[in-house]
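Residue numbers for the sequence shown follow UniProt numbering, so the first one is 1 and each next one is one higher.
Cβ atoms here follow ideal geometry from the backbone N, Cα and C, with glycine treated the same way.
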Amino acid sequence: MGKYLGQWAPPMFWNLTPEQVQNPEKLVKYLEKVCCHPGKWTTVERGIQYLKELAMLEVIYDDLDNEQLSKDPDEVKRTQPMWQKLVWSAPALYASSLAVMTWKDGEGQTVDELAGQLWQYEESADRYHQQQYRTNRDSLIPIHKLIHRLESQGVISKTCSPFNSPIWPVQKPNGERRLTVDYCGLNEVMPPLSAAVPDVLELQYEPESKAAKWYATIDIANAFFSIPLAAECRPQFAFTWRGIQYTWNRLPQGWKHSPTICHGLIQTAMEQGEAPEHLQYIDDIIVWGNTAEEVFEKGKKIVQILLKAVFAIKQSTVKGPAQEIQFLGIKWQDGHCQIPMDVINKITAMSPPTSGKETQAFLGILGFWRMHIPNYSLIVSPLYQVTWKKNNFKWGPEQRQAFEQIKWEIVHAVALGPVRAGQD
Numbered sequence: 001m002g003k004y005l006g007q008w009a010p011p012m013f014w015n016l017t018p019e020q021v022q023n024p025e026k027l028v029k030y031l032e033k034v035c036c037h038p039g040k041w042t043t044v045e046r047g048i049q050y051l052k053e054l055a056m057l058e059v060i061y062d063d064l065d066n067e068q069l070s071k072d073p074d075e076v077k078r079t080q081p082m083w084q085k086l087v088w089s090a091p092a093l094y095a096s097s098l099a100v101m102t103w104k105d106g107e108g109q110t111v112d113e114l115a116g117q118l119w120q121y122e123e124s125a126d127r128y129h130q131q132q133y134r135t136n137r138d139s140l141i142p143i144h145k146l147i148h149r150l151e152s153q154g155v156i157s158k159t160c161s162p163f164n165s166p167i168w169p170v171q172k173p174n175g176e177r178r179l180t181v182d183y184c185g186l187n188e189v190m191p192p193l194s195a196a197v198p199d200v201l202e203l204q205y206e207p208e209s210k211a212a213k214w215y216a217t218i219d220i221a222n223a224f225f226s227i228p229l230a231a232e233c234r235p236q237f238a239f240t241w242r243g244i245q246y247t248w249n250r251l252p253q254g255w256k257h258s259p260t261i262c263h264g265l266i267q268t269a270m271e272q273g274e275a276p277e278h279l280q281y282i283d284d285i286i287v288w289g290n291t292a293e294e295v296f297e298k299g300k301k302i303v304q305i306l307l308k309a310v311f312a313i314k315q316s317t318v319k320g321p322a323q324e325i326q327f328l329g330i331k332w333q334d335g336h337c338q339i340p341m342d343v344i345n346k347i348t349a350m351s352p353p354t355s356g357k358e359t360q361a362f363l364g365i366l367g368f369w370r371m372h373i374p375n376y377s378l379i380v381s382p383l384y385q386v387t388w389k390k391n392n393f394k395w396g397p398e399q400r401q402a403f404e405q406i407k408w409e410i411v412h413a414v415a416l417g418p419v420r421a422g423q424d
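Laid out in structure tokens, this is it:
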């Protein structure tokens, strides 16, 4: 045994006496004392060293005279007891994150391969640990109450993770706050998903082709929070509030793949439940028909399917049957989509911009409707010119004419149909 310890042994074995090496009972007692205590390692480098010490234990407990077995700790296969001891001895910053890593992913993995994975984990954590932004004083109490409510509902929970992203609260039209996290850094490195959310404009073609008389819409309440997040994925979504770190137990808002995953799961539930003809965009659904009774039955069937799939439906989020309804910000009536009057009034009431930033804001409001206005790009071209950074803002006759013309187009585009030819 001594020749193997001398060749491969990490530092923990250097203080072994000859008596301990030759006496198995004393050797085991010494090794358990050295190896098994919390806080054994505090950095990834020391954690990897400790992992190699555990690997050496595997070698010692194995048949040392078997020349076919590698005596190099780097080549030892990772075992479940090794992994458990590594996690138990980890600092709090790593323990909760490593503990949820699925065991099946490590089957057949060598110590050297696991060490590489730990280094990669450390680099990712360093890169995506962002401090919390300063928040408005008026939002402190609402956010605190919101976090308390979400924690009591099991949507979020306290954690200790090397990852961290800043909270970016959003105020809803009704004045309430939505807890969103700025996952920009995380989103940048996330690989794309093969599935995608359908384009809103393309979705309009189907209801238009039906020329329906009646409609109903269903909006799933907090759809993301109905979707559990795998335990091994939670550490990367950590955020901090008032010195306490939390993470999501449900699909988080702000992560770029959440809409795609949500849309796909709802779509699958609808297919498995053999839902009647409908249109779905993430958690918004519309059904149509020639009579109110037909639409009511379709809506009822879809609600039953969604409830069976454990999605929450509030009565207040089910609209119709009605001959006029709003879906995805668009007013539907007699098989045609129309710009809602509140949008028209907002655009027509706007004064001419006085800066490039105000011009960009105006164009941003128009953006959603651009596909419905013939020659949109040609009309607003003079407006885009004053938004270029290299140009000084100058509101001339061309801009005034473009500004008034595009507002006229919006007012008179009552019955909309996607423009299939021409520019934009």
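Tell me which residues share the same chain as residue i and place their Cβ nearer than 7 Å to its Cβ, disregarding the 5 neighbours each side in the sequence.
| i | result |
| --- | --- |
| Gly383 | Looking at the sequence shown, residue 383 is not Gly but Leu. Thr359, Leu363, Gln399, Ala402 and Phe403. |
| Val310 | Ser226 |
| Ser139 | Pro169 and Arg177 |
| Thr387 | Gly356, Thr359 and Gln360 |
| Gly154 | Asn249 |
| residue 451 | Shown here, the chain extends from 1 to 424; a query on residue 451 therefore has no answer. |
Measure the beta-carbon distance from residue i to residue j and round it to whole angstroms, keeping in mind my assumption that it falls under 8 Å.
| i | j | result |
| --- | --- | --- |
| Ile344 | Ile286 | The pair is not a contact, with the Cβ atoms about 22 Å apart (cut-off 8 Å). |
| Gln253 | Thr180 | 5 Å |
| Ser161 | Thr43 | 16 Å between Cβ atoms; not a contact. |
| Ile156 | Ile147 | 7 Å |
| Ala211 | Gly320 | Contact doesn't hold; Cβ gap of about 17 Å is too wide. |
| Ile347 | Lys407 | 6 Å |
| Leu114 | Leu54 | So it is not a contact: roughly 11 Å between Cβ atoms. |
| Ile302 | Ile218 | 6 Å |
Starting from the Cα of residue i, find the closest Cα among the options and give me that residue.
| i | options | result |
| --- | --- | --- |
| His257 | Tyr183, Lys357 and Asn290 | Tyr183 |
| Lys213 | Gln84, Lys389 and Thr291 | Thr291 |
| Ser351 | Gln80, Pro259 and Trp395 | Trp395 |
| Trp119 | Glu75, Arg46, Ile261 and Ile305 | Arg46 |
| Val318 | Val87, Ala221 and Met82 | Ala221 |
| Trp41 | Trp288, Gln315 and Trp88 | Trp88 |
| Ile305 | His263, Glu294, His336 and Gln272 | Gln272 |
| Phe239 | Trp255, Leu203 and Leu114 | Trp255 |
| Val111 | Trp83, Asp199 and Glu294 | Trp83 |
| Glu202 | His412, His372, Ser381 and Ser377 | His372 |
| Glu232 | Ile244, Ile218 and Leu251 | Leu251 |
| Gln326 | Asp342, Glu75 and Ile313 | Asp342 |
| Ala322 | Glu293, Ser316 and Pro340 | Glu293 |
Excluding five sequence neighbours on each side, which residues of the same chain lie with their C-beta closer than 6 Å to the C-beta of residue i?
| i | result |
| --- | --- |
| Gln405 | Ile379 |
| Pro259 | Val197 and Ile282 |
| Asp334 | none |
| Gln236 | Phe163 |
| Leu150 | Ile156 |
| His412 | none |
| Thr58 | The question names Thr, but residue 58 is Glu in the sequence shown. Correct list, in chain order: Val76. |
Apply the 10 Å Cβ neighbour rule to residue i and answer buried if 16 or more other Cβ atoms are within range, or exposed otherwise.
| i | result |
| --- | --- |
| Ile48 | buried |
| Ser165 | buried |
| Arg242 | exposed |
| Lys85 | buried |
| Leu193 | exposed |
| Ala367 | As written in the sequence, residue 367 is Gly, which differs from the Ala given in the question. Exposed, by the Cβ-count rule. |
| Ala223 | buried |
| Asp284 | buried |
| Arg234 | buried |
| Lys158 | exposed |
| Pro374 | exposed |
| His263 | buried |
| Pro418 | Confidence is the limiting factor: at Pro418 the pLDDT is only 43, short of 50, which leaves the residue's position unreliable, though a coordinate-based value still follows. So Pro418 ends up on the exposed side. |
| Ile141 | exposed |
| Pro353 | buried |
| Arg134 | exposed |
In chain order, what residues of the same chain have a beta carbon less than 8 Å from the beta carbon of residue i, not counting five sequence neighbours either side?
| i | result |
| --- | --- |
| Ile143 | Thr135, Ile167, Pro169, Arg177, Leu179 and Trp241 |
- [ ] Answer yes if the region 296–311 comes into contact with the region 269–283, meaning at least three C-beta pairs across the two stretches below 8 Å, and no otherwise.
- [x] Counting Cβ pairs under 8 Å, three or more are found: they touch.
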